[in-house]
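Following full-length UniProt numbering, the numbering of the sequence shown begins with 1 at its first residue and continues without gaps. Take a look at the structure set out below.
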Amino acid sequence: SHSCRSKPVKVELTLLDKEKEVDLMSPNGKASPFSECRPNGSLGQCSDEDTMTLRPQRKHRDYIEASVCHVKDLENGQMREVDLGAGRALLIKEHGEFFAMGHKCPHYGAPLVKGVLSKGHVRCPWHGACFNITTGDIEDFPGLDSLPTFQARVEKEKVIIRANKQALQTQRRSKAMSKCSAVINSSTGFSHILIIGSGPAGLVCAETLRQEGFTDRIVMCTMDKHLPYDRPKLSKVVSVDVKTRTVTFRDGFKMEYRKLFIATGSRPKPLSYKGKDVGNVFHLRTPEDANSIATLASSKNAVIVGTSFIGMEVAAALTYKAHSVSVIGIEAVPFRKALGEKVGKALMKLKEVVLKSGKVLRADVCVIGIGESVPATAFLKQSGVHMDSKGFIPVNKTMQTNIDGVFAGGDVVTFPLALRSNKKVNIPHWQMAHVHGRVAALSMMGKASEIKTVPYFWTAMFGKSIRYAGYGDGFDDVVIQGDLDELKFVAYYTKSEEVVAVASMNYDPIVSRVAEVFGSGKTIRKRDMFQILHCILFPYRTGDMSWLIDKGSQ
């Protein structure tokens, strides 16, 4: 249930019997056919067979069976999208066994048949989420939902799939959640676990706790008037006292905790300019900001200050709405630091880019998107929680700070990245915040887990998406394969002879394939790059990617 207090908003993460209707809903508001399943194992997974056992009242007409192919139609390591009549499923063959599951990634609906199959999971071709082929559970992010799984069997040389019709339609499944057993009183100044911030790290932390069987009180504090969505927000926290385990809020309200998770995200670095109070100047931070920008820019003149990812994404989006779009930036090429000059130039598709000072631009709406932000951690200055010179909170592999019982994740932390020999890094990516939330929740429950994900980033402009995997900070060379002018290319970022990151446009699923190699702990050398591209052009040869992964060096 959700209860509110003046300031800040406290989101009570409970599940009461009177809310059984909510229990039956997945995060997208659609009924989950697996909602009554009990947790089975540490991840709370639930197979189709479990569902049939737990819900014997289900009638035969709720299911459909279909022969989808001959047993020899698929080789090991291959996937096929098949039609069952009432919907489609993803059929997989690995190690001589057949598996069937939902065919769309529940994050943005990507066709998983175009993804990467490796070591018992499928990686989404668009944003890198991973799903276990046996359970359908989400194993790497982004996204919250898992996939439904279906029974696959072989009869008379034919592969037959038995599937629940509703699951075929929804193409997603919510993991089973434990119900809160604590006595609920919204004015009680105590929570077993207190989460500050309602971004992806906080949300995944809370969901993981419930999925793992945590039944005590969880309170999420935020200044955002919306339930968790695609934007971390600063909570108006005044101070944290780690000795008494108490958090004090701006309105004077105090709350004690046993475990604390800090996920307050970042805030835009202040930009000094005249007219700060003018009503048509925005930072894109909330849904209300987005709606106002879109309304004011319609058939008008828009000016974007900054060539950051957010600035250029806004500029690209407004080209379809505004009369004119002008971008003001310090650098001659956008994304030079992150993607290199060649890729940055290829993405310059605006009609007008203003780079010199002195020119006056008419602006019916102005968006500040300089891309510089600072961690929202000022409230921790006297707390005893260690911060570096930039205000980031260093954490260990389990997201623990220097204070017992205090964890942190998301944009506010520096954490050891396995991909870079456990170097402490800050990666303000949507996907990474999900991972931090899950690892922190498991750590709070004494279920030790470490950050093993591969950083995965994406941005969309002019109807095109660029995908990026790895950690390319400090790259010294960029090797391009493909055609930059046609925006169909792969860019390999290298340090010395090692590939440290990869980006692509219109070359799916190469970034997800490289992420699999990075995730295996192998090193890709420059000499391997053409073989990687070959595995995309001739996928029938690659199978489960072992030929490529084995070529890397430990």
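By construction, the Cβ of each residue, glycine as well, lies at the ideal position given by its N, Cα and C atoms. In this text the structure is predicted, and so the values were computed from the model without any measurement.
Check, Outcome
"What alpha helix (DSSP H) runs, 4 residues minimum, are completely inside the segment 303 to 347?", "309 to 318, 336 to 339, 341 to 346"
"Is residue 476 buried or exposed, if buried means 16 or more other CB atoms sit within 10 Å of its CB?", "exposed"
"Mind checking residue 100: buried by the 16 CB within 10 Å criterion, or exposed?", "buried"
"Using only the alpha-carbon positions, how far apart do residue 473 and residue 163 sit?", "46 Å"
"Since residue 240 and residue 437 should fall inside the 8 Å C-beta cutoff, what is the C-beta to C-beta distance between them, to a whole number of angstroms?", "Not a contact, Cβ separation roughly 19 Å."
"Give the secondary structure of residue 449 by DSSP, where H, G and I count as helix, E and B as strand, and everything else as coil.", "coil"
"Where residue 156 and residue 62 are concerned, what is the direct C-alpha to C-alpha distance, given to the nearest angstrom?", "25 Å"
"Check whether the segment 67 to 76 and the segment 123 to 141 are in contact - that is, three or more C-beta pairs closer than 8 Å.", "no"
"Closest to residue 433 by CA distance: which of 199, 110, 117 is it?", "199"
"In this structure, how does DSSP classify residue 77 when only helix, strand and coil are distinguished?", "coil"
"On a CA-only basis, which of 383, 482, 124, 178 is nearest residue 245? Give me that one, please.", "383"
"Please classify residue 299 as buried or exposed, where buried requires at least 16 other C-beta atoms within 10 Å of its C-beta.", "exposed"
"Assign residue 386 to buried or exposed, taking buried as 16 or more other Cβ atoms, counted over all protein chains shown, within 10 Å of its Cβ.", "exposed"
"For residue 126, name the three-state secondary structure that DSSP assigns.", "coil"
"Considering Cα atoms alone, identify which of 126, 137, 106, 166 is closest to residue 84.", "166"
"Return the first residue and the last residue of the alpha helix (DSSP H) that residue 417 is part of.", "First-last for residue 417: 413 to 417, but that is the beta strand (DSSP E), not the alpha helix (DSSP H)."
"Just curious, the alpha helix (DSSP H) that residue 177 is in, first and last residue?", "No alpha helix (DSSP H) holds residue 177; DSSP gives it neither H nor E."
"Taking its Cβ as the centre, do 16 or more other Cβ atoms sit within 10 Å of residue 323, making it buried, or is it exposed?", "exposed"
"Provide the residue(s) that pair with residue 509 in DSSP beta bridges, ordered along the chain.", "None; residue 509 has no bridge partner."
"Per DSSP, which one or two residues make a beta bridge with residue 432?", "In the DSSP output, where bridge partners are listed per residue, residue 432 has none listed."
"Roughly how many whole angstroms lie between the Cα atoms of residue 234 and residue 409?", "In this prediction, residue 234 scores a pLDDT of 35, lower than 50, which makes its location untrustworthy; the coordinate-derived value is nonetheless stated afterwards. Taking the straight line from one Cα to the other gives about 14 Å."
"Measuring CB to CB, does residue 395 end up less than 9 Å from residue 419?", "no"
"State the DSSP-derived secondary structure class of residue 198, mapped to helix, strand or coil.", "coil"
"Among 259, 215, 478, which one has its Cα closest to the Cα of residue 183?", "215"
"Using the rule of at least 16 other Cβ atoms within 10 Å of the residue's Cβ for burial, across every protein chain shown, is residue 316 buried or exposed?", "buried"
"Specify the secondary structure class of residue 292 as computed by DSSP and reduced to three states.", "helix"
"Less than 7 Å between C-beta atoms, sequence neighbours within five positions excluded: which residues of the same chain meet that for residue 376?", "234, 264, 265, 266, 267, 412"
"Check residue 160 in the structure and name its three-state DSSP category.", "strand"
"Comparing C-alpha positions only, which one of 487, 486, 367, 491 sits nearest to residue 480?", "491"
"Bridge partners of residue 561, per DSSP?", "In the structure as shown, the chain starts at 1 and stops at 554, and residue 561 therefore has no counterpart that could be examined."
"What is the rounded straight-line gap between the Cα of residue 427 and the Cα of residue 139?", "19 Å"
"Exposed or buried, which one is residue 463 when buried takes at least 16 other CB atoms within 10 Å?", "exposed"
"Closest by CA to residue 446, which one among 212, 279, 429, 237?", "212"
"Helix, strand or coil for residue 69 per DSSP?", "strand"
"Using the Cα positions of residue 559 and residue 369, report the straight-line distance between them to the nearest angstrom.", "The chain is shown only over 1 to 554; residue 559 falls outside these bounds and no answer can be derived."
"Return helix, strand or coil for residue 518, following the three-state DSSP convention.", "helix"
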